[in-house]
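Peer 1: Have a look at this one before I ask anything.
Given below as structure tokens:
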């Protein structure tokens, strides 16, 4: 029975540590992010936008396949022929796979160029703001 107060004390300290989720032996380091290298941000932005460009091309291709398999091109042709007469445009011919993929490729190239430039621009803007405000404070611990 003499161990009861010691166990109660250990239980309180354990529950306190679990509640705060902080290891008392952990070292805490505070760092500030003040500067982002513009070239590094441009490279990262380039790779992210290239991945998004590939996803755009694959998405356009998949959408064209789904629309073609469902027969929506033929239905749209029938609808347009009924509305405007037989001299209407052929939707299947206008939205052929090479045209759709070339459009997707153009959109992807545009996104890569603009996204890379914007990533570099955002890094420059962050650097100016970081010099004025002192950056972003980040805390690290080793659990």
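Numbering (my numbering), first residue to last: 87 to 229.
Every residue, glycine too, gets a C-beta built ideally from N, C-alpha and C.
Predicted model, so just to flag it, every value in this text is computed and none were measured.
Can you give the Cα-Cα distance for residue 221 and residue 155, rounded to whole angstroms?
Peer 2: 53 angstroms
Peer 1: Considering only C-alpha positions, which residue in the set 120, 164 and 198 is nearest to residue 178?
Peer 2: 164
Peer 1: In or out: residue 146 buried (at least 16 other Cβ within 10 Å) or exposed?
Peer 2: buried
Peer 1: When burial is assigned at 16 or more other CB atoms within 10 Å of the CB, is residue 198 buried or exposed?
Peer 2: Taking all protein chains in view, the Cβ of residue 198 is crowded by 16 or more other Cβ atoms within 10 Å, so the residue is classified as buried.
Peer 1: Closest by CA to residue 176, which one among 137, 160 and 214?
Peer 2: 160
Peer 1: Distance, Cα to Cα, residue 121 vs residue 128?
Peer 2: 14 angstroms
Peer 1: Using only the alpha-carbon positions, how far apart do residue 162 and residue 133 sit?
Peer 2: 38 angstroms
Peer 1: Look up residue 177 in the DSSP assignment and say whether it is helix, strand or coil.
Peer 2: helix
Peer 1: Please classify residue 120: does DSSP put it in a helix, a strand, or coil?
Peer 2: coil
Peer 1: Using the three-state DSSP reduction, which class does residue 66 fall into: helix, strand or coil?
Peer 2: The question about residue 66 has no answer, for the chain in this structure spans 87 to 229.
Peer 1: I'd like the list of long-range same chain contacts for residue 115, defined as Cβ closer than 8 angstroms, with 5 residues on each side in sequence excluded.
Peer 2: The residues 225, 226 and 227, in chain order, have a CB closer than 8 angstroms to that of residue 115 in the same chain once the five nearest residues on each side in sequence are set aside.
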